[in-house]
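Asks:
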Amino acid sequence: MINTRTVIWLLIIFVMSAWLAAKGKVSTELTQFMPAVINFEDQLLHRQLQQGSASRLLIIALAGDTQTKLAEINKNLAENLRQNTLFSKIENGEMRVDQQEADWLFERRYLLSPEIKEGHFSVDLLRQAFKQQLEALQSPLPLVSRSQLISDPTAEFQTLLKYWRPDRQLKRHFGVWFSRDGKKSFLIAETSAPAYNLERQEITLRTLQKTFQKVSVNKTVTMAVTGGPVFALESRDTIERESKWFSLLATLAIMLLLLLVYRSPGKVLISALPIITAVIAGASSVLLFFGSIHGITLVFGITIIGVVIDYPLHLFSSLRGNESAEKSIRRIAPTLLLGAITTAIAYAVFIFTDFQGLAQLGTFAITGLVAGVAVTVLVLPGMLKPTDIKPFSRQEYADLINKIDKLWYFLLAGMIIFISIVFYQNRTFPWQDDLAALSPMPDMLRKMDQELRAQTGADDARYLLAVTAPDQETVLQKTELLLPELNRLKQNKILQGYDAASLYLPSVKTQKVRQTSLPEKRDLQKNIQQALKGSAFKENAFLAFLTDVENSRHRATITMENYIEGAIKWRLKNLLYPLDGQWVSSIPLTGISQVEPLQQITSGSVRLLDLKTATHSRVASYRKSALKQLAWGGLLIVILLTVSLKNPGRIVRVLMTVVLAIAFDIAVLMLSGVRFSLFHLVALLLVTGIGLDYALFFTRRFQNTDEKLRTLHAVLVCAGSTILVFGILALSQIPVLRAIGLTTSVGVAACLLAAFSVTGFFKTKTG
Amino acid sequence: MILQPLVAADWSMNILMQRFARIEILSVQYHEEKHLSLLRMPLVSEGVLEYRRPDYLKKAMLKPEQESFAADKEIITLTKNGKITRQIAMSDYPPLTAFVAAYLALLSGDQKELSRHYAHQLSGKEDHWRLMLKPKDKTIRQYVQEIIITGAKDRIHSINNIDAEGDSSLMILQE
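For the record, the sequence lines run as chains A and B. Heads up, the first sequence is in the working numbering, so the first residue is 1 and it goes up one at a time. Heads up, the second sequence is in the working numbering, so the first residue is 768 and it goes up one at a time.
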């Protein structure tokens with residue numbers, strides 16, 4: 001039983017498995033699967049999609065108690081989360097920075113505050129400020145801090161904090177955000193971990209849950225969390241769960257079917273070997289050439305090479321009781337090899353693309369198909385004893401042939417008419433470019449997300465302005481120039497709010513202007529004296545103020561490099577960063593009512609990015625590129641078939657089978673309202689491979705009726721098992737699995753119909 | 768120990784608190800003087816102090832400006848010229864909690880609650896008593912060093928808040 005080939009194969013499998021186990025890395029970063037980043041705009045988008053805060057935002061809603069209680073829990077939660085490095089930003093309507101950071105910023109208030117300009121400390125303005133401070137002191141509930149009052153009588157620091165408060169159209173009660181009906185209290189958190197780092201995101205969410213349990217003493221209070229990280233994790237969990245269950249179910253079903261057909265548990269086990277080998281070989285080669293395997297490559301790759309499951313079935317059906325399996329395989333090996341190699345070579349075009357994802361997929365598919373067919377042809381026969389499989393009686397066969405012989409042209413005409421009508425009705429092809437529609441998010445979660453986003457105004461982390469310049473200073477100056485425009489748009493209700501680096505870090509130029517606009521000590525002293533005339537304040541009450549202004553005039557200017565670490569710098573880092581030798585200042589915009597006025601303020605160095613459209617167009621360009629490669633692959637298949645088949649009639653019949661099957665599959669899906677995504681395309685690739693196989697087998701030259709019968713048997717078992725497996729997948733709630741399952745099961749049925757009607761299998765005379 | 772003899776035998780904290788516990792509604796005019804080291808002269812204001820058992824307290828300044836704060840359960844509402852300017856939860860400002868809690872605990876006769884926030888010493892006689900409150904919490908002592916309340920029977924005559932820097936605000940209540 002065990003021959004040299006088996007030993008070599010086992011050895012190779014063992015080595016590859018060990019290597020995969022040791023070094024195999026499955027990456028899930030979607031951006032890596034996207035087209036290679038070429039121009040600056042792409043890089044900007046790439047960074048935004050990868051690290052942009054939009055994908056890291058969590059919306060947290062608390063409900064189930066009185067407003068004061070909810071506000072208290074909200075603040076406690078925020079306080080706890082702010083101390084946790086897993087979160088880079090916690091917003092809840094409060095403006096809080098820690099003491100050390102606040103002191104640092106307070107010292108630099110006259111460089112930071114946009115209110116500082118010539119004459120800001122004039123006698124009149126000072127007199128007004130002093131009066132206001134007096135009123136504050138007199139108030140029945142004086143909440144002013146005495147030390148801040150004497151060093152900052154114009155309340156510059158309070159003004160600054162007001163500027164820094166996020167612009168969200170949320171009601172605030174007791175200092176924190178509430179929904180319009182006042183029943184839910186909100187926090188918006190930004191995770192430190194990038195969106196694609198699911199392990200860190202998982203830890204982050206678990207920490208959030210734990211922290212909530214700690215601070216919510218009241219058991220009636222509930223927390224709802226939504227946002228990018230939640231979806232990513234939920235999707236992953238759902239996919240893992242459903243994939244596990246559905247593949248288990250599918251495996252059981254196919255085993256049962258094969259057991260029923262071949263009545264041999266050994267054969268059922270052996271039939272799994274080619275596909276297992278194919279997956280291991282495919283994964284190993286991707287790991288070898290790319291260093292890691294993308295999760296999508298794995299899913300798509302396994303789908304594409306699903307045709308390998310058919311190979312051992314062809315072998316089983318060709319077995320005869322009176323000859324060795326090695327001899328049996330020789331009869332079908334040319335057809336098997338032709339099918340596998342033709343399909344594999346079609347994927348070779350994928351390897352030569354800029355798209356890492358496609359290149360990985362091509363590598364995986366080629367290696368997998370070749371390994372699968374190699375194991376079937378070289379290794380499997382050594383494991384099989386000569387047996388005879390008697391699928392049909394001759395009478396049944398003759399009946400079937402008669403029926404199809406009478407029907408095939410009706411079948412062909414019917415299929416063509418059906419395809420024409422459906423294609424005519426759907427002249428614009430229904431593509432699905434919205435990635436979100438493909439995420440396996442439960443509807444309930446999606447609804448909650450929409451609701452919370454609408455309520456918090458976190459709805460549109462969609463638009464942002466990106467300002468670029470060669471250096472930090474220039475980019476800040478350019479950003480500053482934009483702010484008056486943005487404020488005007490805000491007043492005109494074209495946007496609700498924005499955030500900009502220059503709010504936290506003015507350009508050095510601006511800081512210097514502010515410094516020179518601060519009065520000299522002597523002048524300020526005079527102004528204070530005059531302003532205090534007739535005031536209740538003592539003459540020396542504001543000495544601290546005088547010193548602070550004087551110090552500010554000579555203080556070193558602030559830059560990104562010397563900025564104090566803390567909540568504000570965190571914000572700043574997301575808004576101002578170097579990229580590809582340039583500096584970028586991104587200005588996220590919220591609550592956009594019209595896009596056009598925004599486009600008017602763009603220029604060469606100020607770009608308006610629409611993340612949603614950008615993602616859509618990236619998906620579309622990905623698809624276009626994939627389609628282009630597929631067209632080349634198709635051409636390659638035609639050439640290969642022409643060269644190897646040399647029989648024009650057979651070539652036409654094989655190609656027609658595939659084209660008809662694909663067209664019929666698409667038409668059926670269109671009719672059922674499917675919008676096509678990459679997942680459907682990938683499944684169509686599998687259908688192409690299967691269709692090619694069926695057609696090649698049906699158009700073989702048969703030596704006798706027995707062989708024909710065996711071929712029909714093999715193809716029917718293949719089709720039955722494939723429809724069974726993918727039909728089960730089609731029942732899944734996950735859009736990806738459903739897409740692949742539906743396309744493939746319908747496609748295999750279409751292949752069978754097309755092969756029946758086009759190949760002339762039932763008409764060919766046997767020798 | 769020194770203070771002990773100063774309190775008449777028939778006059779004690781318990782009795783004072785029992786008297787206060789009987790008060791349902793209170794509304795008195797006040798005259799307040801704030802003495803601050805920053806200022807040349809005291810800040811003078813007038814208004815009405817209102818209390819409703821057990822947890823409503825309002826200080827409405829009528830002169831020189833119309834401004835008020837009202838503590839109702841845990842919520843404090845600030846108004847200016849009759850309009851609400853801000854609503855805050857008491858828990859946001861711990862000093863405020865202690866401050867308001869002291870008055871409410873005192874007026875509602877809740878000695879336990881009062882002791883939670885303040886060390887208290889009562890001296891004098893029934894018709895001329897003096898209650899000194901010292902915050903137990905260190906952070907609160909930054910705002911209020913001590914509160915001295917004087918009165919006769921169940922009537923409060925004056926409340927004097929003294930802070931760490933020696934600034935004080937003396938409130939005289941008029942019938």
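Ideal placement from N, C-alpha and C gives every residue a C-beta, glycine not left out.
#1: Under 7 Å between beta-carbons, which chain B residues line up against GLN525 (chain A)? List them in chain order, please.
#2: Just by C-beta distance, which residues in the region 556-585 of chain A are closer than 8 Å to chain B?
#3: Please report whether the beta-carbon of GLY849 (chain B) lies at a distance below 8 Å from any beta-carbon of chain A.
#4: Could you please give the first and the last residue of the uninterrupted beta strand (DSSP E) stretch that includes LYS385 (chain A)?
#5: Restricting to Cα atoms, I'd like to know which of A:HIS173, A:THR343 and A:LEU753 is closest to LEU720 (chain A).
#6: So GLN530 (chain A) and GLU539 (chain A) are supposed to be a Cβ contact under 8 Å. How far apart are they, rounded?
#7: State buried or exposed for TYR262 (chain A), treating a residue as buried only when at least 16 other CB atoms are found within 10 Å of its CB.
#8: Is it buried or exposed for ILE728 (chain A), if we count other Cβ within 10 angstroms and need 16 for buried?
#9: Determine the burial state of TYR409 (chain A): buried for a count of at least 16 other Cβ atoms within 10 Å of its Cβ, exposed for fewer.
#10: With a floor of 3 residues, list each beta strand (DSSP E) that falls wholly inside the region 37-123 of chain A, ordered by position along the chain.
#11: With 8 Å set as the bound, which would you pick, yes or no: does the beta-carbon of LYS905 (chain B) sit closer than that to a beta-carbon of chain A?
#12: Looking only at its chain, what residues have a beta carbon closer than 7 Å to the beta carbon of ALA348 (chain A), apart from the 5 residues adjacent to it on each side?
#13: Note down, in chain order, every chain A residue with its Cβ under 8 Å from the Cβ of MET808 (chain B).
#14: Give me, in chain order, the residues of the same chain whose beta-carbon lies closer than 8 Å to that of ILE769 (chain B); leave out the 5 immediate sequence neighbours on both sides.
#15: Spell out whether any CB of chain B is found under 8 Å from the CB atom of HIS120 (chain A).
#16: How many whole angstroms separate the CB atoms of ALA919 (chain B) and HIS887 (chain B), which I take to be in contact at a CB cut-off of 8 Å?
#17: Taking the CB atoms as reference points, tell me whether LYS184 (chain A) and ALA61 (chain A) lie closer together than 8 Å.
#18: For chain A, check one thing: does any of its Cβ atoms lie closer than 8 Å to the Cβ of SER890 (chain B)?
#19: So, does the CB of ALA865 (chain B) fall closer than 8 Å to a CB anywhere in chain A?
#20: Given a limit of 7 Å on CB to CB distance, which residues of the region 68-81 of chain A reach chain B?
#21: Is PRO902 (chain B) helix, strand or coil by DSSP?
#22: Starting from MET223 (chain A), trace the beta strand (DSSP E) both ways and give me its first and last residue.
#23: Can you give me the start and stop residues for the alpha helix (DSSP H) that TYR311 (chain A) sits inside?
#24: Using 8 Å as the limit for Cβ to Cβ distance, is LEU803 (chain B) near chain A?
#25: Which residues, in order along the region 134-154 of chain A, keep a beta-carbon less than 9 Å from a beta-carbon of chain B?
#26: Counting Cβ pairs, one atom from each stretch, are 3 or more of them under 8 Å apart for the region 511-527 of chain A and the region 602-619 of chain A?
#27: Check the Cβ of GLY814 (chain B) against every Cβ in chain A and list those closer than 9 Å, keeping chain order.
#28: State the CB to CB distance for the pair GLY182 (chain A) and ALA71 (chain A), rounded to an integer number of angstroms; the pair is presumed to be in contact (CB under 8 Å).
#29: Consider the Cβ of HIS616 (chain A): report whether some Cβ of chain B lies at a distance smaller than 8 Å.
#30: Would you verify that the beta carbon of MET938 (chain B) is, or is not, closer than 8 Å to some beta carbon of chain A?
#31: According to DSSP, which residues form a beta bridge with ARG675 (chain A)?
#32: Run the CB neighbour count on ILE13 (chain A), radius 10 Å, all protein chains shown included, and call it buried at 16 or more, exposed below.
#33: Let's test the definition: count the other Cβ atoms within 10 Å of the Cβ of HIS173 (chain A) and tell me whether it reaches 16, buried, or not, exposed.
#34: Nearest to SER317 (chain A) by CA position, among A:GLU91, A:ILE188, A:ASP388 and A:ARG180, is which residue?
#35: Using the Cβ count rule (16 or more neighbours within 10 Å means buried), how would you classify MET784 (chain B)?
#36: Starting from VAL217 (chain A), trace the beta strand (DSSP E) both ways and give me its first and last residue.
Replies: In terms of the structure at hand:
#1: Within chain B, no C-beta atom comes nearer than 7 Å to that of GLN525 (chain A); the closest sits roughly 17 Å away.
#2: Of all residues in the region 556-585 of chain A, none has a C-beta nearer than 8 Å to a C-beta of chain B.
#3: Residue-level contact by beta carbon fails for GLY849 (chain B) and chain A, as no gap is shorter than 8 Å.
#4: Element bounds for LYS385 (chain A): n/a, residue is neither H nor E.
#5: The displayed chain sequence assigns Gly, not Leu, to residue 720 (chain A). When each option's Cα is compared against that of GLY720 (chain A), the closest is A:LEU753.
#6: About 11 Å; that fails the 8 Å criterion.
#7: It counts as buried.
#8: So ILE728 (chain A) counts as buried.
#9: Classified as exposed, TYR409 (chain A) has fewer than 16 neighbouring CB atoms from the shown chains inside 10 Å of its CB.
#10: If we require 3 residues or more, the beta strand (DSSP E) runs fully inside the region 37-123 of chain A come out as 57-63 and 87-91.
#11: Interface with chain A (8 Å Cβ-Cβ cutoff): LYS905 (chain B) is excluded.
#12: Contacts found: GLY362 and ILE366.
#13: Under a criterion of Cβ atoms nearer than 8 Å, the residues of chain A adjacent to MET808 (chain B) are, in order, ALA536.
#14: Here the model assigns ILE769 (chain B) a pLDDT of 44, short of 50, so the residue's position is not dependable, and the following value carries that caveat. Correct list: empty, nothing qualifies.
#15: Chain B contact via Cβ: absent.
#16: With 8 Å as the limit, ALA919 (chain B) and HIS887 (chain B) do not qualify as a contact, their Cβ atoms being about 18 Å apart.
#17: Here LYS184 (chain A) is near ALA61 (chain A), since their CB atoms are less than 8 Å apart.
#18: Not one chain A Cβ lies under 8 Å of SER890 (chain B).
#19: No - not a single Cβ of chain A is within 8 Å of the one on ALA865 (chain B).
#20: Cβ contacts with chain B come from THR68, ALA71 and GLU72.
#21: If DSSP states are grouped into helix, strand and coil, PRO902 (chain B) belongs with the strands.
#22: Where MET223 (chain A) is concerned, the enclosing beta strand (DSSP E) stretches over 222-227.
#23: Its alpha helix (DSSP H) spans residues 310-318.
#24: Yes, LEU803 (chain B) counts as interfacial toward chain A.
#25: Only those residues of the region 134-154 of chain A whose C-beta falls short of 9 Å from the nearest C-beta of chain B are listed: LEU134, GLU135, LEU137, GLN138, SER139, PRO140, LEU141, PRO142, LEU143, ARG146, LEU149 and ILE150.
#26: Short answer: they don't touch.
#27: Under the 9 Å cutoff, chain A gives PRO140.
#28: Between ALA71 (chain A) and GLY182 (chain A) the Cβ distance is about 11 Å, and since that is not below 8 Å, they are no contact.
#29: Closer than 8 Å: no.
#30: With respect to chain A, the C-beta atom of MET938 (chain B) has no partner C-beta closer than 8 Å.
#31: For ARG675 (chain A), which the question treats as bridged, DSSP gives no partner whatsoever.
#32: Its Cβ being crowded by 16 or more others within 10 Å, ILE13 (chain A) is buried.
#33: HIS173 (chain A) is buried by the Cβ-count criterion.
#34: That would be A:ASP388, whose Cα lies nearest to the Cα of SER317 (chain A).
#35: That one is buried.
#36: Where VAL217 (chain A) is concerned, there is no enclosing beta strand (DSSP E), given that its DSSP letter is neither H nor E.
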